[in-house]
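One structure is given below, encoded as C-alpha coordinates.
Below, the structure written as C-alpha coordinates:
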(Lines of atoms letter the chains of each structure in order from A; the text may use other names.)
(Lines give C-alpha, C1' and ligand atoms only; values in the text may rest on other atoms or scores of the structure.)
Protein backbone atom coordinates (compact mmCIF):
# COMPACT_ATOMS: atom_id res chain seq x y z
CA UNK A 1 0.00 0.00 0.00
CA UNK A 2 2.79 2.34 0.90
CA UNK A 3 5.41 0.84 -1.42
CA UNK A 4 8.24 2.91 -2.82
CA UNK A 5 7.74 3.79 -6.50
CA UNK A 6 11.29 4.25 -7.75
CA UNK A 7 10.28 5.41 -11.23
CA UNK A 8 7.86 8.03 -9.86
CA UNK A 9 10.48 9.26 -7.41
CA UNK A 10 13.04 9.59 -10.22
CA UNK A 11 10.50 11.47 -12.33
CA UNK A 12 9.78 13.93 -9.49
CA UNK A 13 13.51 14.29 -8.81
CA UNK A 14 14.28 15.12 -12.44
CA UNK A 15 11.39 17.58 -12.61
CA UNK A 16 12.27 19.50 -9.44
CA UNK A 17 16.05 19.06 -9.47
CA UNK A 18 16.79 22.73 -10.22
CA UNK A 19 14.30 23.87 -7.59
CA UNK A 20 15.89 21.58 -5.03
CA UNK A 21 19.37 22.93 -5.79
CA UNK A 22 18.14 26.54 -5.57
CA UNK A 23 16.33 25.76 -2.34
CA UNK A 24 19.45 24.29 -0.78
CA UNK A 25 21.42 27.43 -1.61
CA UNK A 26 18.68 29.73 -0.31
CA UNK A 27 18.41 27.71 2.88
CA UNK A 28 22.14 28.07 3.53
CA UNK A 29 21.99 31.82 2.94
CA UNK A 30 19.02 32.28 5.30
CA UNK A 31 20.62 30.18 8.04
CA UNK A 32 23.86 32.19 7.80
CA UNK A 33 22.14 35.56 8.08
CA UNK A 34 20.12 34.40 11.08
CA UNK A 35 22.93 32.70 12.96
CA UNK A 36 26.24 34.40 12.14
CA UNK A 37 26.53 37.49 14.32
CA UNK A 38 30.10 37.85 15.58
CA UNK A 39 33.21 36.52 13.91
CA UNK A 40 34.99 35.34 17.08
CA UNK A 41 32.08 33.53 18.73
CA UNK A 42 32.40 29.77 19.16
CA UNK A 43 28.94 29.10 17.73
CA UNK A 44 29.61 31.10 14.55
CA UNK A 45 32.85 29.23 13.93
CA UNK A 46 31.20 25.88 14.65
CA UNK A 47 28.59 26.66 11.97
CA UNK A 48 31.31 27.41 9.40
CA UNK A 49 33.31 24.37 10.48
CA UNK A 50 30.18 22.23 10.10
CA UNK A 51 29.82 23.45 6.50
CA UNK A 52 33.47 22.57 5.82
CA UNK A 53 32.95 19.05 7.18
CA UNK A 54 29.79 18.58 5.09
CA UNK A 55 31.68 19.75 2.00
CA UNK A 56 34.53 17.27 2.65
CA UNK A 57 32.09 14.41 3.23
CA UNK A 58 30.15 15.25 0.06
CA UNK A 59 33.32 15.32 -2.05
CA UNK A 60 34.44 12.02 -0.51
CA UNK A 61 31.07 10.29 -1.06
CA UNK A 62 30.84 11.49 -4.66
CA UNK A 63 34.28 10.25 -5.61
CA UNK A 64 34.23 7.06 -3.54
CA UNK A 65 31.09 6.03 -5.40
CA UNK A 66 32.16 7.22 -8.86
CA UNK A 67 35.50 5.39 -8.64
CA UNK A 68 33.76 2.19 -7.54
CA UNK A 69 35.39 2.07 -4.11
CA UNK A 70 32.06 2.32 -2.28
CA UNK A 71 29.19 0.68 -4.13
CA UNK A 72 27.84 -1.94 -1.73
CA UNK A 73 27.69 -5.68 -2.44
CA UNK A 74 24.89 -7.58 -4.20
CA UNK A 75 24.89 -10.22 -1.42
CA UNK A 76 24.57 -7.64 1.32
CA UNK A 77 21.52 -6.60 3.26
CA UNK A 78 19.14 -4.87 0.84
CA UNK A 79 18.84 -1.68 2.91
CA UNK A 80 22.59 -1.42 3.42
CA UNK A 81 23.16 -2.12 -0.25
CA UNK A 82 21.11 0.97 -1.16
CA UNK A 83 22.99 3.33 1.17
CA UNK A 84 25.88 4.14 -1.23
CA UNK A 85 23.49 4.92 -4.07
CA UNK A 86 21.24 7.13 -1.93
CA UNK A 87 24.27 8.87 -0.43
CA UNK A 88 25.66 9.50 -3.92
CA UNK A 89 22.30 10.92 -5.02
CA UNK A 90 22.23 13.34 -2.07
CA UNK A 91 25.91 14.34 -2.15
CA UNK A 92 25.58 17.06 -4.84
CA UNK A 93 22.78 18.70 -2.84
CA UNK A 94 24.84 18.56 0.35
CA UNK A 95 27.89 19.88 -1.47
CA UNK A 96 25.96 22.81 -2.89
CA UNK A 97 24.32 23.46 0.48
CA UNK A 98 27.71 23.51 2.23
CA UNK A 99 29.44 25.70 -0.36
CA UNK A 100 26.42 28.02 -0.51
CA UNK A 101 26.40 28.32 3.27
CA UNK A 102 30.12 29.04 3.43
CA UNK A 103 30.07 31.60 0.61
CA UNK A 104 27.04 33.42 2.03
CA UNK A 105 28.62 33.40 5.50
CA UNK A 106 31.86 34.80 4.13
CA UNK A 107 29.97 37.44 2.16
CA UNK A 108 28.22 38.51 5.37
CA UNK A 109 31.46 38.76 7.35
CA UNK A 110 33.71 40.20 4.62
CA UNK A 111 31.15 42.84 3.57
CA UNK A 112 30.92 43.98 7.21
CA UNK A 113 34.67 44.38 7.40
CA UNK A 114 35.41 46.72 4.51
CA UNK A 115 34.41 49.55 2.21
CA UNK A 116 32.79 48.56 -1.08
CA UNK A 117 34.93 51.03 -3.01
CA UNK A 118 38.13 49.46 -1.70
CA UNK A 119 37.30 45.75 -1.71
CA UNK A 120 34.69 45.38 -4.44
CA UNK A 121 36.78 42.91 -6.53
CA UNK A 122 36.90 40.36 -3.69
CA UNK A 123 33.27 40.93 -2.68
CA UNK A 124 32.23 40.63 -6.34
CA UNK A 125 34.10 37.30 -6.54
CA UNK A 126 32.29 36.00 -3.46
CA UNK A 127 28.95 37.18 -4.81
CA UNK A 128 29.67 35.65 -8.24
CA UNK A 129 30.50 32.29 -6.68
CA UNK A 130 27.46 32.50 -4.40
CA UNK A 131 25.03 33.29 -7.22
CA UNK A 132 26.78 30.92 -9.61
CA UNK A 133 26.59 28.17 -7.02
CA UNK A 134 23.15 27.31 -8.42
CA UNK A 135 24.58 26.72 -11.90
CA UNK A 136 27.61 24.64 -10.88
CA UNK A 137 25.68 21.38 -10.69
CA UNK A 138 27.53 19.69 -13.54
CA UNK A 139 30.88 21.11 -12.46
CA UNK A 140 30.35 19.74 -8.96
CA UNK A 141 30.77 16.30 -10.55
CA UNK A 142 34.36 17.19 -11.50
CA UNK A 143 37.03 16.39 -8.93
CA UNK A 144 39.29 19.32 -9.82
CA UNK A 145 36.43 21.82 -9.53
CA UNK A 146 35.34 20.34 -6.18
CA UNK A 147 38.84 20.63 -4.74
CA UNK A 148 39.34 24.16 -6.12
CA UNK A 149 36.14 25.52 -4.58
CA UNK A 150 36.89 23.76 -1.32
CA UNK A 151 40.40 25.23 -1.16
CA UNK A 152 39.03 28.72 -1.81
CA UNK A 153 36.46 28.51 1.00
CA UNK A 154 39.00 26.88 3.32
CA UNK A 155 41.53 29.65 2.64
CA UNK A 156 38.85 32.34 3.04
CA UNK A 157 38.03 30.88 6.45
CA UNK A 158 41.63 30.58 7.62
CA UNK A 159 42.30 34.22 6.70
CA UNK A 160 40.24 35.40 9.66
CA UNK A 161 40.27 32.28 11.88
CA UNK A 162 44.07 32.13 12.27
CA UNK A 163 44.34 35.80 13.41
CA UNK A 164 41.64 35.13 16.02
CA UNK A 165 43.57 32.14 17.37
CA UNK A 166 46.99 33.82 17.20
CA UNK A 167 45.75 37.23 18.41
CA UNK A 168 47.38 39.32 15.68
CA UNK A 169 46.68 40.67 12.19
CA UNK A 170 50.31 41.14 11.15
CA UNK A 171 51.51 40.11 7.69
CA UNK A 172 53.15 36.94 9.00
CA UNK A 173 49.78 35.82 10.38
CA UNK A 174 48.18 36.18 6.94
CA UNK A 175 51.03 34.15 5.42
CA UNK A 176 50.54 31.55 8.17
CA UNK A 177 46.88 31.20 7.18
CA UNK A 178 48.04 30.28 3.68
CA UNK A 179 50.47 27.70 5.05
CA UNK A 180 47.75 26.14 7.21
CA UNK A 181 45.40 25.99 4.20
CA UNK A 182 48.05 24.33 2.02
CA UNK A 183 48.84 21.73 4.70
CA UNK A 184 45.13 20.99 5.20
CA UNK A 185 44.35 20.58 1.48
CA UNK A 186 47.53 18.54 1.04
CA UNK A 187 46.48 16.14 3.80
CA UNK A 188 43.01 15.86 2.27
CA UNK A 189 44.36 15.10 -1.20
CA UNK A 190 46.76 12.52 0.23
CA UNK A 191 43.84 10.81 1.92
CA UNK A 192 41.84 10.82 -1.33
CA UNK A 193 44.74 9.37 -3.30
CA UNK A 194 45.19 6.63 -0.69
CA UNK A 195 41.51 5.63 -0.66
CA UNK A 196 40.96 6.22 -4.37
CA UNK A 197 44.17 5.56 -6.33
CA UNK A 198 42.35 6.41 -9.57
CA UNK A 199 42.19 10.08 -8.50
CA UNK A 200 45.99 10.39 -8.60
CA UNK A 201 45.91 11.51 -12.23
CA UNK A 202 43.89 14.57 -11.08
CA UNK A 203 46.52 15.54 -8.53
CA UNK A 204 49.14 16.59 -11.03
CA UNK A 205 49.25 19.76 -13.05
CA UNK A 206 45.49 20.52 -13.07
CA UNK A 207 44.81 20.52 -9.32
CA UNK A 208 48.21 22.00 -8.45
CA UNK A 209 47.77 24.83 -10.96
CA UNK A 210 44.27 25.56 -9.67
CA UNK A 211 45.33 25.69 -6.02
CA UNK A 212 48.44 27.69 -6.90
CA UNK A 213 46.37 30.18 -8.91
CA UNK A 214 43.93 30.70 -6.04
CA UNK A 215 46.80 31.14 -3.59
CA UNK A 216 48.52 33.74 -5.79
CA UNK A 217 45.29 35.63 -6.51
CA UNK A 218 44.32 35.92 -2.83
CA UNK A 219 47.86 36.98 -1.86
CA UNK A 220 47.85 39.62 -4.61
CA UNK A 221 44.54 41.01 -3.31
CA UNK A 222 45.96 41.11 0.22
CA UNK A 223 49.13 43.00 -0.66
CA UNK A 224 47.18 45.36 -2.94
CA UNK A 225 44.88 46.10 0.04
CA UNK A 226 41.83 44.72 -1.77
CA UNK A 227 41.20 41.92 0.71
CA UNK A 228 38.99 43.09 3.64
CA UNK A 229 40.95 43.35 6.92
CA UNK A 230 39.04 40.68 8.87
CA UNK A 231 38.63 39.99 11.72
CA UNK A 232 38.33 43.78 12.18
CA UNK A 233 35.08 45.45 11.13
CA UNK A 234 33.67 48.97 11.26
CA UNK A 235 30.48 49.01 13.31
CA UNK A 236 29.69 52.73 13.24
CA UNK A 237 31.13 56.01 11.96
CA UNK A 238 30.12 59.61 11.36
CA UNK A 239 31.18 63.23 10.93
CA UNK A 240 30.26 65.66 13.72
CA UNK A 241 30.79 69.24 14.83
CA UNK A 242 32.10 68.03 18.18
CA UNK A 243 32.71 64.78 20.05
CA UNK A 244 33.26 64.59 23.80
CA UNK A 245 33.90 61.60 26.05
CA UNK A 246 32.32 62.03 29.47
CA UNK A 247 33.65 60.73 32.78
CA UNK A 248 31.17 57.87 32.53
CA UNK A 249 32.69 56.74 29.24
CA UNK A 250 29.78 57.98 27.14
CA UNK A 251 30.56 59.70 23.85
CA UNK A 252 28.42 62.77 23.21
CA UNK A 253 28.41 64.35 19.75
CA UNK A 254 26.91 67.46 18.16
CA UNK A 255 25.54 67.22 14.65
CA UNK A 256 23.21 69.08 12.32
CA UNK A 257 19.54 68.19 12.26
CA UNK A 258 19.26 66.24 8.99
CA UNK A 259 15.90 65.96 7.24
CA UNK A 260 14.66 62.52 6.21
CA UNK A 261 15.20 63.19 2.50
CA UNK A 262 18.75 64.47 3.12
CA UNK A 263 19.50 61.22 4.96
CA UNK A 264 18.72 59.29 1.76
CA UNK A 265 21.61 60.91 -0.10
CA UNK A 266 24.82 58.84 -0.46
CA UNK A 267 26.82 61.66 1.12
CA UNK A 268 26.40 64.27 3.88
CA UNK A 269 26.63 68.03 3.59
CA UNK A 270 28.29 69.67 6.60
CA UNK A 271 28.29 73.42 7.28
CA UNK A 272 31.27 74.99 9.04
CA UNK A 273 32.53 78.45 9.85
CA UNK A 274 35.59 79.63 7.97
CA UNK A 275 38.60 77.82 9.46
CA UNK A 276 36.27 75.62 11.51
CA UNK A 277 36.86 72.15 12.94
CA UNK A 278 35.14 68.83 12.29
CA UNK A 279 35.31 65.54 14.17
CA UNK A 280 35.20 61.99 12.85
CA UNK A 281 33.99 59.21 15.13
CA UNK A 282 34.35 55.46 14.57
CA UNK A 283 33.62 52.25 16.44
CA UNK A 284 35.79 49.35 15.24
CA UNK A 285 35.09 45.80 16.34
CA UNK A 286 38.03 43.53 17.12
CA UNK A 287 37.94 39.99 18.59
CA UNK A 288 38.50 39.63 22.31
CA UNK A 289 41.80 37.76 21.92
CA UNK A 290 43.25 40.20 19.40
CA UNK A 291 46.23 42.08 20.77
CA UNK A 292 46.25 45.87 20.85
CA UNK A 293 45.94 46.98 17.24
CA UNK A 294 46.45 50.35 15.61
CA UNK A 295 44.00 51.89 13.15
CA UNK A 296 44.14 55.11 11.14
CA UNK A 297 41.68 57.93 10.48
CA UNK A 298 42.85 59.12 7.07
CA UNK A 299 41.44 62.55 6.16
CA UNK A 300 41.49 63.26 2.41
CA UNK A 301 40.43 66.24 0.30
CA UNK A 302 39.44 66.05 -3.36
CA UNK A 303 41.69 68.44 -5.27
CA UNK A 304 39.85 69.40 -8.46
CA UNK A 305 43.00 70.78 -10.05
CA UNK A 306 44.65 67.36 -9.75
CA UNK A 307 41.36 65.45 -10.10
CA UNK A 308 42.50 63.21 -7.25
CA UNK A 309 42.13 62.65 -3.53
CA UNK A 310 44.93 64.32 -1.56
CA UNK A 311 45.95 63.24 1.94
CA UNK A 312 45.53 65.99 4.52
CA UNK A 313 45.90 64.18 7.84
CA UNK A 314 46.53 60.69 9.26
CA UNK A 315 45.59 60.12 12.89
CA UNK A 316 46.79 56.80 14.33
CA UNK A 317 45.50 55.30 17.58
CA UNK A 318 45.29 51.90 19.23
CA UNK A 319 42.18 49.80 19.78
CA UNK A 320 41.48 46.75 21.92
CA UNK A 321 39.00 44.00 21.21
CA UNK A 322 36.03 42.46 22.93
CA UNK A 323 33.32 45.13 22.86
CA UNK A 324 30.28 44.12 20.78
CA UNK A 325 29.69 47.68 19.61
CA UNK A 326 33.37 48.15 18.72
CA UNK A 327 36.20 50.19 20.24
CA UNK A 328 35.25 53.86 20.04
CA UNK A 329 37.57 56.69 19.10
CA UNK A 330 37.64 59.97 17.24
CA UNK A 331 39.92 62.42 15.46
CA UNK A 332 39.56 66.03 14.42
CA UNK A 333 40.61 68.25 11.54
CA UNK A 334 41.00 72.01 11.81
CA UNK A 335 40.87 74.66 9.09
CA UNK A 336 38.28 72.82 7.05
CA UNK A 337 37.76 74.21 3.56
CA UNK A 338 34.84 73.92 1.21
CA UNK A 339 34.68 70.95 -1.14
CA UNK A 340 34.60 67.17 -1.12
CA UNK A 341 36.12 65.32 1.83
CA UNK A 342 36.35 61.73 2.95
CA UNK A 343 37.72 59.99 6.02
CA UNK A 344 38.90 56.42 5.63
CA UNK A 345 39.25 54.02 8.55
CA UNK A 346 42.30 51.95 7.70
CA UNK A 347 44.80 49.54 9.16
CA UNK A 348 48.39 50.73 9.30
CA UNK A 349 48.99 48.67 6.14
CA UNK A 350 46.32 50.66 4.31
CA UNK A 351 43.49 48.10 4.27
CA UNK A 352 40.17 49.97 4.36
CA UNK A 353 37.52 49.06 6.94
CA UNK A 354 35.12 51.77 5.80
CA UNK A 355 34.82 55.43 4.93
CA UNK A 356 32.59 58.49 5.19
CA UNK A 357 32.35 60.88 2.26
CA UNK A 358 30.88 64.34 2.68
CA UNK A 359 30.87 67.89 1.35
CA UNK A 360 31.89 70.90 3.39
CA UNK A 361 30.16 74.25 2.90
CA UNK A 362 31.55 77.41 4.53
CA UNK A 363 28.86 79.56 6.16
CA UNK A 364 28.75 82.74 8.25
CA UNK A 365 26.68 81.14 11.02
CA UNK A 366 26.21 77.53 12.04
CA UNK A 367 22.83 75.81 11.74
CA UNK A 368 21.07 74.47 14.82
CA UNK A 369 23.02 71.59 16.33
CA UNK A 370 21.62 68.69 18.32
CA UNK A 371 23.39 66.49 20.83
CA UNK A 372 23.30 62.70 20.71
CA UNK A 373 24.90 59.84 22.61
CA UNK A 374 27.08 57.59 20.49
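Numbering (UniProt numbering), first residue to last: 1 to 374. Note that the Cβ used here is the ideal one computed from N, Cα and C, for glycine as well.
With a contact defined as Cβ atoms closer than 8 Å, residue 114 and residue 353 qualify at about 6 Å. Of the residues 231, 158, 250, 342, the one whose Cα lies closest to the Cα of residue 321 is 231. DSSP places residue 348 outside any alpha helix (DSSP H), giving it a letter other than H or E.
Counting only the Cα atoms, residue 333 lies some 20 Å from residue 304. Between residue 338 and the set 125, 143, 278, the nearest pair of CA atoms involves 278.
For residue 242, the uninterrupted beta strand (DSSP E) segment begins and ends at 242 to 245.
Collapsing the DSSP output to three states places residue 88 in a helix. Exclusion of the five residues before and after residue 369 leaves 241, 254, 255, 256 as the residues of its chain whose Cβ lies within less than 7 Å of its Cβ. A distance of 8 Å or more separates the beta carbons of residue 148 and residue 94.
In terms of Cβ geometry, residue 32 and residue 38 do not form a close pair [threshold 8 Å]. Judged by DSSP in its simplified three-state form, residue 209 adopts helix.
In the structure shown, residue 39 falls within a coil segment according to DSSP collapsed to helix, strand and coil. Excluding sequence positions up to five before and after residue 176, its CB lies within less than 8 Å of the CB of 162, 166, all in the same chain and listed in chain order. In the DSSP assignment, residue 278 falls within the beta strand (DSSP E) that extends over 278 to 285. Closest option to residue 245, judged by alpha-carbon separation, among 267, 268, 223, 281: 281.
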